[in-house]
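Residue numbers (this note's numbering), protein chains in the order written: chain A, 1 to 262; chain B, 263 to 554. C-beta: ideal position from N, C-alpha, C; glycine also. What follows is a single structure, written as structure tokens, with notes after it.
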């Protein structure tokens with residue numbers, strides 16, 4: 001129903017824009033597989049030299065491990081809180097709903113540089129967490145909006161009468177939530193986790209300001225190397241990160257499909 | 263546990279916010295945001311006004327120095343240019359995708375979504391490689407003899423605009439696409455059957471109906487551009503910096519937290535005003551109800 005032949009002009013422009021979108025992502029791969037000492041295009045020869053250099057480097061691996069830890073912690077916090085929040089927003093009748101929406105969206109809207117320095121000032125005066133804890137909490141704040149958005153959308157798709165039925169048969173609100181709602185929103189939780197994880201895994205500024213010399217996340221290490229490192233190791237790291245994003249997206253799409261058919 | 267009849271009566275009598283546990287469910291998230299986001303932001307606000315007594319001097323410094331005002335103007339110019347560029351590039355693509363067969367649209371959507379979820383740092387790095395003096399474009403153009411000497415694209419505003427447009431384009435396409443998908447094409451067919459040309463039917467029927475998407479995408483891209491950091495910091499020049507870079511350098515290089523806070527507050531106020539407009543024009547509810 002919603003299909004119409006579009007003119008050739010629109011088609012040509014659309015094709016060019018798609019090319020524009022694909023080009024930078026694709027250019028990373030030949031550069032990462034470059035066998036020469038410097039970034040060259042077209043590459044002089046194809047090899048896994050720089051990929052294996054990166055994968056064999058203790059610094060890069062330490063950063064990857066740190067990013068993994070931080071992102072996992074941030075995701076756990078963000079998801080736990082956003083399941084509760086989404087439930088309240090979708091099922092509950094609360095006053096000031098608009099205000100709550102606005103407040104929850106705020107970390108997505110406020111520029112990261114502002115959030116990062118505000119948190120940096122805050123954590124530097126109250127030394128209650130080590131840098132890993134502080135970065136994780138900061139990332140949980142930044143990941144909250146996307147997780148709440150995804151989970152609210154998922155919960156809207158769950159028929160409330162199922163919970164009502166469970167409760168009318170004697171289940172408490174908690175049991176109904178645990179036994180009925182939670183399994184039904186599980187795919188949504190999975191995809192929200194993936195997006196929360198990615199948002200933390202890619203976040204630079206909070207990690208720059210709260211990290212220390214010994215705790216550089218992956219984006220921070222890229223950041224501090226990108227301006228002066230001319231060898232293709234950053235290209236290799238970038239290529240690996242693109243692969244991680246694509247895999248995460250494929251998984252998220254799988255879960256989204258499942259939640260739609262469920 | 264079943265609610266006893268006595269319990270139900272009590273629930274009915276008590277005020278609404280006590281009757282349902284919604285506020286209780288919201289509490290953990292509100293505490294996290296309150297303690298680690300809102301409170302630090304208020305602290306920053308306060309810091310911009312204190313040195314050590316109450317003072318306007320940080321704001322006075324901003325207002326009195328033309329170079330800072332120049333940065334603010336440049337920031338708005340860049341945000342406006344990026345918004346315009348994403349509309350020019352995003353509108354035809356979103357229109358094409360919205361009218362394509364679902365299978366084809368789904369496949370092409372991958373090209374929009376993959377960049378959207380790839381690290382901003384990685385995407386900026388890719389553009390640095392593409393646009394550098396010894397970058398891919400210059401090597402290809404020099405090699406083919408189209409240009410005599412390398413073009414200077416890195417560390418110019420053009421480079422920043424290309425990089426930022428690239429990074430924010432998916433937001434625009436997705437905002438437009440979600441609205442355009444909902445436009446009933448029978449309306450266009452009706453317009454044409456009544457004698458309108460294809461072009462006229464598009465401009466008089468489709469375009470007005472797609473305007474909510476333009477408003478949503480345009481405001482979002484503008485808001486995100488204003489505070490953008492990574493791309494201008496890596497691809498831009500010192501002379502043509504954005505306010506986010508100024509904030510960063512005040513903290514990292516000059517350790518002037520008071521002035522950095524004042525700059526951040528100015529940027530925050532601009533952002534919040536735009537966010538309020540977004541809330542008015544587009545509405546926040548839609549964000550929560552849209553299927554991602």
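Report yes or no: is there a C-beta of chain A within less than 8 Å of the C-beta of residue 312 of chain B?
So no, residue 312 of chain B is outside the interface.
Here's the rule: buried if 16 or more other CB atoms are within 10 angstroms of the residue's CB, otherwise exposed. What is residue 158 of chain A?
By the 10 Å Cβ count, residue 158 of chain A comes out buried.
Determine the closest residue to residue 413 of chain B out of B:312, B:422, B:332 and B:393, with distance taken between C-alpha atoms.
Of the listed residues, the one whose Cα sits closest to residue 413 of chain B is B:393.
Using only CA atoms, which one of B:528, B:380, B:485 and B:285 lies nearest to residue 538 of chain B?
Of the candidates B:528, B:380, B:485 and B:285, the one whose C-alpha sits nearest the C-alpha of residue 538 of chain B is B:485.
Any Cβ of chain A within less than 8 Å of the Cβ of residue 454 of chain B?
So, not an interface residue.
When you check each C-beta in the segment 181-211 of chain A against every C-beta of chain B, which residues fall closer than 7 Å?
The segment 181-211 of chain A vs chain B, Cβ under 7 Å: 198, 202, 204 and 205.
I want to verify the contact list: residues of chain A whose CB lies under 9 Å from the CB of residue 533 of chain B, in sequence order.
Those are 109, 110, 111 and 114, listed as they occur along chain A.
Is the Cβ of residue 85 of chain A closer than 8 Å to any Cβ of chain B?
It does: the Cβ of residue 85 of chain A has a partner Cβ on chain B nearer than 8 Å.
Exposed or buried, which one is residue 542 of chain B when buried takes at least 16 other CB atoms within 10 Å?
Classification of residue 542 of chain B: exposed, given that the 10 Å Cβ count is below 16.
Between residue 28 of chain A and residue 53 of chain A, what straight-line distance do the alpha-carbon atoms span, to the nearest angstrom?
For residue 28 of chain A and residue 53 of chain A, the distance between alpha carbons rounds to 16 Å.
Residues of chain A with CB under 9 Å from residue 526 of chain B, in chain order?
Within 9 Å Cβ-Cβ: 111, 113, 114, 117 and 118.
Rounded to whole angstroms, what is the Cα-Cα separation between residue 434 of chain B and residue 409 of chain B?
Spanning the two alpha carbons is a distance of roughly 33 Å.
Is it buried or exposed for residue 465 of chain B, if we count other Cβ within 10 angstroms and need 16 for buried?
Classification for residue 465 of chain B: exposed.
Verify the contact flag: residue 38 of chain A, CB atom, against every heavy atom of the ligand FAD, threshold strictly below 7 Å.
In the structure on display, the ligand FAD does not appear, and there are no ligands present to speak of.
Please go through the same chain and pick out, in chain order, the residues whose beta-carbon is closer than 8 Å to the beta-carbon of residue 275 of chain B, but skip the five residues on each side of it.
Low per-residue confidence applies at residue 275 of chain B: pLDDT is 43, beneath 50, and the placement is therefore not dependable, though the value from the model is reported in the following sentence. Hits under 8 Å: none found.
Identify every residue that forms a DSSP beta bridge with residue 316 of chain B.
DSSP output for residue 316 of chain B lists B:312 as bridge partner(s).
Mind listing the chain B neighbours of residue 133 of chain A? Cutoff is C-beta to C-beta under 7 Å, in chain order.
In chain order: nothing, as chain B lies at least about 11 Å away.
Is the beta carbon of residue 10 of chain A closer than 8 Å to that of residue 358 of chain B?
For residue 358 of chain B and residue 10 of chain A, yes; Cβs fall inside 8 Å.
Any beta carbon of chain B sitting closer than 8 Å to that of residue 138 of chain A?
At least one chain B Cβ lies under 8 Å of residue 138 of chain A.
Short of 7 Å in beta carbon distance, which residues of its chain neighbour residue 81 of chain A, apart from the five on each side in sequence? Order them along the chain.
Within the same chain, residue 81 of chain A has close Cβ partners 144.
At what residue ranges does the segment 326-373 of chain B contain a whole run of the alpha helix (DSSP H), taking only runs of 4 or more?
Within the segment 326-373 of chain B, the complete alpha helix (DSSP H) runs of at least 4 residues are 328-361.
Please report the straight-line C-alpha distance between residue 227 of chain A and residue 497 of chain B, rounded to a whole angstrom.
Looking at the two C-alpha atoms, the distance is approximately 10 Å.
Please confirm if residue 349 of chain B has its CB atom under 8 Å from at least one CB of chain A.
So, not an interface residue.
Secondary structure at residue 222 of chain A, three-state DSSP: helix, strand or coil?
Residue 222 of chain A: helix per DSSP, three-state reduction.
Given that a residue counts as buried once 16 or more other Cβ atoms are within 10 Å of its Cβ, and exposed if not, what is residue 325 of chain B?
Per the 10 Å Cβ criterion, exposed.
How many angstroms separate the CA atom of residue 406 of chain B from the CA atom of residue 395 of chain B?
Spanning the two alpha carbons is a distance of roughly 16 Å.
What's the C-alpha gap between residue 532 of chain B and residue 524 of chain B?
Taking the straight line joining both Cα atoms gives about 13 Å.
Just the Cα atoms here: how many angstroms apart are residue 431 of chain B and residue 165 of chain A?
Cα-Cα distance, rounded: 45 Å.
Got a sec: is the Cβ-Cβ distance from residue 93 of chain A to anything in chain B below 8 Å?
Yes, contact with chain B.
Tell me which residue opens and which closes the alpha helix (DSSP H) that residue 387 of chain B is part of.
Counting along the chain, the alpha helix (DSSP H) containing residue 387 of chain B begins and ends at 382-393.
Check whether the Cβ atoms of residue 218 of chain A and residue 63 of chain A lie closer than 8 Å to each other.
In this structure, residue 63 of chain A lies closer than 8 Å to residue 218 of chain A by Cβ.
Under 8 Å, CB to CB, which of the residues in the segment 498-532 of chain B have a partner in chain A?
Correct list: 506, 509, 510, 513, 519, 522, 523, 526, 529 and 530.
Measure the C-alpha to C-alpha separation of residue 336 of chain B and residue 505 of chain B and round it to an integer number of angstroms.
Cα-Cα distance, rounded: 8 Å.
So is residue 348 of chain B buried or exposed if we call it buried at 16+ other beta carbons inside 10 Å?
Buried, since its Cβ has 16 or more Cβ neighbours within 10 Å.
Where do the ends of the alpha helix (DSSP H) carrying residue 458 of chain B lie?
Where residue 458 of chain B is concerned, there is no enclosing alpha helix (DSSP H), given that its DSSP letter is neither H nor E.
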